[in-house]
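Quick mapping for you: the protein sequence lines, in order, are chains U, W and G. Numbers 1 to 783, taken from this note's numbering, label the letters of the first sequence in order. Numbers 784 to 939, taken from this note's numbering, label the letters of the second sequence in order. Numbers 940 to 1237, taken from this note's numbering, label the letters of the third sequence in order. Quick reminder that beta carbons are idealized off the backbone N, C-alpha and C, glycines included. These notes are about the structure you will find just below.
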Amino acid sequence: MTQIAAERYTGASIKRSEDPRILTGRGRYIADVKLPGTLHAAFVRSPLAHARVLAVDVSAARDLPGVVAVFTGADLEAVTVPGPDPLLALMGGGGPMPEYTLLATDKVRFVGDPVAVVVAESRYLAEDGCELVDVDYADLPPVPSAALALDPGSPPVFVNLGDNIIGPHKRSEFGDVAGTFAGADRIAEFRIDVHRHQNVPMEGRGCVASHDADSGIMTMYAATQSVHVTKFGVAGRLGMEPEKVRVLAGDIGGSFGLKIGASREELAVAAAARALGRPVKWIEDRSENLTASGQAREESFDVRAAVGNDGDLRGLDVKMVIDTGAYPVMGTMVPAIIEMMLPGPYKLTALGFESTAVITNKASYVAYRGPWASETFVRERVLDLLARDLGIDPLEIRLRNVAPRTDPPFTMITGRPLVGVTTKESLERVAQIVDIPTFRRRQAEERTQGRYLGIGLATFIEAAPGPRSPGPPSGPMGLEYMRLSLSEDGILTLFTGQMPHGQSHQTTLAQIAADEFGVPFEQVRVVIGDSDVVPFGLTGGSRSATMTGGVTLHGARQLRNKVLDFAAVLMEASARDLEITDGQVLVRGDPDSGIPVGEIARQAASGQFDADVDTSLEVEASFDGGEGGWSGGSHCAIVEVDVETGIVKVERYVAAEDCGALINPAVVEGQIRGGIAQGIGAVLLERSAYDQDGNYQSATFMDYLLPTACDIPRIEIEHLETVPLDADVNFRGVGEGGMIVAPPTLVNAIEDALAPFGVRIYEQHLPPARILELIGAAAKSRP
Amino acid sequence: MVDITVRVNGATHTGSVEARKTLSDFLRDDLDLTGTHVGCEHGVCGACTVIVDGRAVRSCLMLAVQAAGSEVTTVEGLAPDGALGALQQAMWDSHSFQCGFCTPGFVMQAAALLRAHPDAGEQEIREALSGNICRCTGYQSIIDGVLLAAQRGREG
Amino acid sequence: MRRRGAVPVKLPYVEYEAPATVAEAVDLLAEHQDEASVLAGGQSLIPLLALRLARPAVLIDINGLDELSGVSVTDGWMVIGAMTREYVAEESEIVAGTVPLLAAALPLIGHEAIRSRGTIGGSLAHADPAGELPAVARALDAEFVVRSRPGDRVVSAAEWFEGYLTTSRRPDEILVEIRFPAAGADTGIAFKEVARRHGDFAIVGLAVSLTLTDGVIGDARLAFSGVADVPVRAADAEDLLIGESPSPELFDEAARRATAAIDPPADLHGSSEYRKKVAATLVRRGLQAAADNAYKRR
């Protein structure tokens, strides 16, 4: 049986190898990429939500000194491969596809829809050129809301589709829905709305495209979560062989799901670069990022709950509508994940679910950190609402309904086994840390002084990566690959398709490899960001801790065995008696026998060995996730609401989380806190707002408000003892959980604070004005 | 075009720029000092923060021509030769950052804060940094880095 | 609302002048009139230019006019040069001692980096109705001194603020200094605001100054920010307060009168109804704080 290497680095908050460059301004972000002869692109964008494009006159723009070229939608269609969005085509169930051109040709479909691209000697000049492009629009009645889009008579955003309903997802049933509802003590009905908000990384999208006519190679510097997915996106649309496209990425200033594949703008820039024979650079500015890069989460739910009088949540029947915006892709895929996750870690025995995706005149719905998060919001809100109606404590109702940890594991009614889930433990732990009874006494006392404090709890599980399922994994979320090699300078190099954008992979993977292989942390190098060099991979779905951590561990083990087998020949010893410690191969128990691994590699490269000796100190490894597992946790927030101004202060926030074994606790905690901050932002500050004409109203940071250091409290995090499922790989993902569970945690706390006013909350966005409205409305509706 | 002479990180630079060019673009494009990042270009996010004549300012809200005759310090100039100054070291030790895009702005704003208020406590630090936006960290690790730097500064 | 599809953020082309004296600046304004914008701290003007919402032909950069910086006290008035940086005013002991309402408002303006460059005169000439300084100026009946070729003109605060981002400064005039009356010994002040986040523009703000002598209110000034396109004095509430003694009932009635007289706009951050409720709360809290403050100052 192989021995697990002594754990020196794994589990410790090793300082990041990324930080010296980050802290001294020597990071290499996409805007920092400078090639000789680069031109700069800026987009002319539609000021109208829905209109026909009658004519685009670029002559004045073209004549402006410093402007090199202007391309319209028609120009670019002529030099690219037309077709629908490739991801939608891959996932779509047949039937007509929405027309997908890089730039709008005959119609614009949302405010910010790109209509033309101006390429000039500087971004300043390109924007001057944009002002001179004259577009003749004929207004069309807008479809500014899902409610309007549901009307089959609403003006079709895509004429070829006939209406604005893209995904009627036919009804599924799990368990005996009719029987469960018929036998319930009571049926509760709720309409719950989640508002549109968005990723907003501090760095927007961008690329530098450079095409070499002689070799036919397109080099694309990108900010992306996968160089390979971007490569295939560019190759496909530009009609190139994938081998002729090379995608390079360096440091990335955040993404949270936004920067995947190749956007319409990036493809337009690549086409322009090829046409012009000079590098073209586009750096998305903040207003473009807010208006046009994509938005998320706008979903509404009609929920019926079958409930026992003792608080048993027996069944849910849910009808969902998702607003996918004007160029639907991700929005059509999210409902299926929500359906699967709705039961959560609870004993729900029946679920009915159907969804409808609609097209509106808004920016596209994109993936945003935990795209399915609304399932947790709905379920955790429903539990609190039921608890309040039944007079049951919110902790009690959860403990009552949580699935027990059994062997074989309890299975969600939608199919996945809850193997290793520690929801009960995390709920009890967070309650213990917060000391709820003491808080309740304080709450009562403060209420007599006219101060309104509240406490809220919520729990979640996340498939990071989820339990082992039958059959091989496939597609972008399938096997994880890594190439590992030992070089003559003693460096162990890991080549990974992961594309960190804040996840600290260059540190965490090196920790695992250093431990498993037996070299100091400083002797491991992690190579990322070159599609010619790294294997396929994608950073997303909270998969890297398990999948990439696992392939690193197993790959390092395989390479160590290879090195020891070769060293055995070199040192005339048995491989069983050799080990690698502190960068040296030595005979166990004989420290003087040590040979540095670099020397071993030099010997291997010397060509002095018989053909039957394997001297290639390199491994191509893959990993299927092992036993996998769930991540999850329970959060608790204490808030104070100023009922005269509606301002909410988060006084305390506690998270008890379980992500299995920790590779680097500081990295894990940073991910959790960042996700929670986004959840707090979503509830108190952030909204992607459109008016009734489809005009976008949150186009600057004066209107799209992000939380600051005065808005996020110290967050206390407790890591639970986990249930190891796998012999080796028990690291689980943690990137999305904070953002998934923070919104219901906070909304539950706010409703608790406002309980004396009789407030019930069925929505996620609670700015100060809305808090006062809710208090006023509750007062009016009291008998 | 306007001719300007400006001192950046202790070195004198002369250039010829359009009046409309922001200081942030001048630093990044003309002087190749790409450490200063541009996050919004309308003065809200703070990623572009540099120090001008001893005060932290948003370089996207200054024209390059306005820096003529001033001493400008960018993140590259905080410690010589790419080394880590005490504040940067404390932030490294505290795992202050993740994607790093907001980092130069935070470093410069915190440097200015600690120079003026070496004994700043947590609430003061939070308020002083509330004009810098981070999307990754939830701020706690950044505050801890600044607190650690302040503590080490007191210990001498 | 002008319909724009994702606004640009690079400034448009402008000509640039950097006068060395106020006289030169005056000459330039006489020449260019409303084709010129005056660039002071730039914290308000540069974003407007970047978003291409302002399109002057010429920028007149007055940052070289040292003669326009400085704080002094003369004959019961504090005189502050238009180019005095907000952070300088914030750190000034003269300001703290002479016009405590201004000292209370200054730390609420944006963030430190904004106040490093922003100027008192620039902020008042920009006249954002959600800004702190316009409300302070209006509450205290500050005086604005503008200069043009013909000479100097003094404009009262009531006449200075004409509309949204609009003042009565003529295109050939430059704001040179602002005068605030020195606060007397019996004065209590407060600046209260409700903002979405620390440092944001207020949704509604209130500048309060009152004198309290032997428990009786002698003078009362209340000026709102964020309830109209200019700062607004709550005249009815002020009339009510004069001659009365502070009490919660009095302050409630003052709040009622103050909000009855306003019809605030609605935007993404608050409805008109919400702004009125907040305004009422700020009146109650502001008057209480100012009354407490007056006792402390004595």
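Is it buried or exposed, residue i, if we count other Cβ atoms within 10 angstroms and call 16 or more buried?
| i | result |
| --- | --- |
| Q934/W | exposed |
| D19/U | buried |
| V119/U | buried |
| M571/U | buried |
| A34/U | Reading off the sequence shown, one finds Lys at residue 34/U, where the question assumed Ala. It is exposed - the Cβ of K34/U has fewer than 16 other Cβ atoms within 10 Å. |
| S616/U | exposed |
If we cut at 8 Å on Cβ distances, does residue i have a partner in chain W?
| i | result |
| --- | --- |
| A962/G | no |
| L998/G | yes |
| F460/U | no |
| P371/U | no |
| R994/G | no |
Give me the Cα-Cα distance between residue i and residue j, rounded to the nearest whole angstrom.
| i | j | result |
| --- | --- | --- |
| H971/G | P958/G | 13 Å |
| A8/U | D515/U | The question names Ala, but residue 8/U is Arg in the sequence shown. About 6 Å. |
| S287/U | V200/U | 11 Å |
| P768/U | D139/U | 35 Å |
| M784/W | S122/U | 15 Å |
| A749/U | V421/U | 25 Å |
| V650/U | E910/W | 16 Å |
| F1100/G | I1201/G | 17 Å |
| R381/U | T459/U | 11 Å |
| A1205/G | F495/U | 55 Å |
| V245/U | K231/U | 6 Å |
| E189/U | S154/U | 28 Å |
| G1015/G | A1121/G | 5 Å |
| P465/U | V434/U | 30 Å |
Distance cutoff 8 Å, beta carbons only. Does residue i sit that close to anything in chain U?
| i | result |
| --- | --- |
| P947/G | yes |
| D786/W | no |
| G1049/G | no |
| V1217/G | yes |
| R942/G | Here the model assigns R942/G a pLDDT of 44, short of 50, so the residue's position is not dependable, and the following value carries that caveat. Taking Cβ atoms only, chain U reaches closer than 8 Å to R942/G, which makes this a yes. |
| S983/G | no |
Verify the CB distance criterion: does residue i have a CB-CB separation below 8 Å to chain G?
| i | result |
| --- | --- |
| T360/U | no |
| T101/U | no |
| V944/W | This structure cannot settle anything about residue 944/W, because the visible part of chain W is limited to 784 through 939. |
| L806/W | no |
| A794/W | no |
| L844/W | yes |
| D128/U | yes |
Contacting positions in the stretch 827-841 of chain W - beta carbon closer than 8 Å to chain G: G829, T832, V835, R838, A839, V840, R841
For the stretch 34-97 of chain U, list the alpha helix (DSSP H) runs that are entirely contained and at least 4 residues long, ordered along the chain. 59-63, 73-78, 86-91
Which residues, taken in chain order from the stretch 865-898 of chain W, show a beta carbon closer than 7 Å to some beta carbon of chain G? Q892
What residues in the stretch 272-288 of chain U have a beta carbon less than 9 Å from any beta carbon of chain G? Answer in chain order: D285, R286, S287, E288.
Whole beta strand (DSSP E) elements within the stretch 381-415 of chain U, 3-residue minimum: none
At what residue ranges does the stretch 195-268 of chain U contain a whole run of the alpha helix (DSSP H), taking only runs of 4 or more? 227-238
With 9 Å as the C-beta to C-beta threshold (strictly closer), list the residues of the stretch 918-930 of chain W near chain U in chain order. R918, C919, T920, G921, Y922, Q923, S924, I925, I926
Just list the alpha helix (DSSP H) runs in the stretch 286-345 of chain U, keeping only unbroken ones of 4 residues or longer that don't cross its boundaries, in chain order. 286-292, 334-341
Which residues, in chain order, does the stretch 192-219 of chain U contribute to contact with chain W at a C-beta distance below 9 Å? N199, V200, P201, M202, E203, G204
Report the residue ranges of all beta strand (DSSP E) runs contained in full by the stretch 842-871 of chain W; include only those spanning at least 3 residues, in chain order. 854-856
May I have a chain-ordered list of the beta strand (DSSP E) segments no shorter than 3 residues that lie completely inside the stretch 99-139 of chain U? 114-120, 134-139
If we require 3 or more residues per run, which beta strand (DSSP E) segments fall completely within the stretch 1033-1112 of chain G? 1082-1087, 1090-1095, 1100-1102
Pull out every residue of the stretch 806-825 of chain W whose Cβ sits closer than 9 Å to any Cβ of chain U, in chain order. D808, R811, D812, D815, L816, T817, G818, T819, H820, V821, G822, C823, E824, H825
Closer than 7 Å between beta carbons: that is the criterion. Which residues of the stretch 1126-1160 of chain G meet it against chain U? Taking 7 Å as the Cβ-Cβ cut-off against chain U, the residues of the stretch 1126-1160 of chain G that qualify are V1133, R1135, R1136, H1137.
Could you name the residues of the stretch 295-311 of chain U whose beta carbon sits closer than 9 Å to any beta carbon of chain G, in the order they occur along the chain? none
Which complete alpha helix (DSSP H) runs does the stretch 622-703 of chain U hold, if anything under 4 residues is left out? 665-684
Determine which residues of the stretch 1206-1230 of chain G have a Cβ less than 9 Å from any Cβ of chain U, and write them out in chain order. Those would be D1206, L1207, H1208, G1209, S1210, E1212, Y1213, R1214, K1216, V1217, A1219, T1220, L1221, R1223, R1224, in chain order.
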